[in-house]
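In UniProt numbering, the protein residues as written are 1 to 398. Just so it is clear, CB atoms sit at the ideal spot from N, CA and C, and this is done for glycine as well. Keep in mind the model is a prediction, meaning the values are calculated, not measured. See structure below.
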């Protein structure tokens, strides 16, 4: 439709996306919601929009494409009529907001475990801090205990602290006090509180701003993530930590504890965002003790509904970084009495070694009263499949 630009009314679109009309030629009332269409872009940050058949110039710092339909609401009438551009997006839920706050701050517990080890024997460490460090390290299961204690370890990983507190409040005997005392999230919170009492708090900025080094292949606890091996800190980093003054070490401890706590929170919020019709899925880091020291093993527990299987299949995926065997990823799937095992490795020699022990895997599964189904060995690690398009607001590369 042709129109005379010089004859149209002039309005301004400010940064909060409001349209200000000088003298609209139509009667409007406060609260009225109207449709407007972006007709085209003009020079000097102006666009022409159409409301109720009128073409109106709008000054704006925002980009609106020709043909874009805007919902506007009348906020004020009189000498100046103000129209607010309504967003077509629903406001974020409290869980989405909490996830957006925690995701840029989270990190695996790998750095925290290294810091705890560097501090545990420090001669100038405050007694109450040293006691809490010793309690955290001693509460971790050993790698040999893990097969029999995995349910207990998952329950005390921090993801179920609030649920256990609710259960304990309703039925005190249902949750032993020792279980709550050993919960990782509870221990991290106690440690942060102790450090805060001494004036030591984590930095207010997220890791991307503070310069914290994030691994590019980190397994963010988000839908589509595939467990990736966590690597221990290099000896140079450990020595650098050991040479720090105790005050600096405590500051680093506070920061790493806060990152590990945000990691747990992120897993919880991501899990809460799932809808009831989605299969059960839970991702977490499981700190354990090994002969070479403490490390965090990423776990992914999935419920799989394939071909209307009843009951459904359940799988546990994990990742490890071993000195001799290199980086590994494994998935163990259980359906009724059959176990399928798939292992990815970055070294061909590791796959050859595992193939040589195929009979031992078969016997081990048989001793458990189960049958070994698929035994797949694959060269190369699986990449993450996270869709990061919805997380562009976060100060973190996904």
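task = For residue 331, count neighbouring Cβ atoms within 10 angstroms of its own Cβ and tell me buried if that reaches 16, exposed if not.
result = Answer is buried; the Cβ neighbour count reaches 16.
Length-filtered (4 minimum) alpha helix (DSSP H) runs lying within the stretch 234-298 = Runs of the alpha helix (DSSP H) inside the stretch 234-298: 235-242, 246-272.
query = Looking at residue 270 and residue 99, is the spacing between their C-beta atoms short of 8 Å?
reply = Cβ distance < 8 Å, so residue 99 and residue 270 count as in contact.
Inside the stretch 335-380 only - alpha helix (DSSP H) runs reaching at least 4 residues = Entirely contained in the stretch 335-380, the alpha helix (DSSP H) runs reaching 4 residues are, in chain order, 348-356, 358-367.
query = What residue ranges within the stretch 64-106 form continuous beta strand (DSSP E) runs of no fewer than 3 residues, ordered along the chain?
reply = Within the stretch 64-106, the complete beta strand (DSSP E) segments of 3 residues or longer fall at 69-76, 81-86, listed in chain order.
key: Cβ neighbours of residue 347 in the same chain (closer than 6 Å, five flanking residues each side left out)   = Cβ neighbours of residue 347 beyond the five flanking positions: 326.
ask   = Which two residues bound the contiguous beta strand (DSSP E) that contains residue 50?
value = Where residue 50 is concerned, the enclosing beta strand (DSSP E) stretches over 46-51.
ask   = Between residue 231 and the rest of its own chain, which residues show a CB-CB distance below 6 Å, the 5 nearest in sequence each way excluded?
value = Here residue 231 has 321 as same chain residues with Cβ atoms under 6 Å from its own Cβ, once five neighbours each way along the sequence are excluded.
query = What is the DSSP secondary structure of residue 109, reduced to helix, strand or coil?
reply = It is coil, neither helix nor strand.
ask   = CB-CB under 6 Å to residue 70, same chain, minus the five flanking residues each way: which ones, in chain order?
value = Excluding positions up to five away in sequence, the list reads 36, 85.
task = Just mark residue 104 as buried or exposed, buried being the case when its beta carbon has 16 or more other beta carbons within 10 Å.
result = The residue is buried, with at least 16 neighbouring Cβ atoms inside 10 Å.
message = Based on DSSP bridge pairs, tell me the residues matched to residue 314.
response = According to the DSSP secondary-structure assignment, residue 314 is paired through a beta bridge with 303, 334.
key: residue 127, buried or exposed, once every other Cβ within 10 Å from all chains shown has been counted against 16   = Exposed, since its Cβ has fewer than 16 Cβ neighbours within 10 Å.
query = Mapping DSSP to helix, strand and coil, what is residue 55?
reply = DSSP places residue 55 in strand when its eight states are reduced to three.
task = Report the option in 161, 345, 163, 119 whose CA atom is closest to the CA atom of residue 229.
result = Closest option to residue 229, Cα to Cα, is 345.
request  = Look at the alpha carbon of residue 256 and the alpha carbon of residue 109, and state the distance between them as a whole number of angstroms.
outcome  = Rounded to whole angstroms, the gap between the alpha carbons of residue 256 and residue 109 is 8 Å.
query = Beta carbon of residue 301, beta carbon of residue 282: below 8 Å?
reply = Yes, the pair counts as a contact, with Cβ atoms nearer than the cut-off.
key: Where residue 32 falls: helix, strand or coil (DSSP)   = If DSSP states are grouped into helix, strand and coil, residue 32 belongs with coil.
request  = Kindly give me the distance between the Cβ atoms of residue 253 and residue 119, rounded to whole angstroms, as I take these residues to be in contact under 8 Å.
outcome  = Going by Cβ atoms, the distance from residue 253 to residue 119 rounds to 6 Å, so yes, they are a contact pair.
task = Go ahead and label residue 221 buried or exposed: buried means 16 or more other beta carbons lie within 10 angstroms of its beta carbon, across all protein chains shown.
result = In this structure residue 221 is buried. Its beta-carbon is surrounded by 16 or more other beta-carbon atoms within 10 angstroms.
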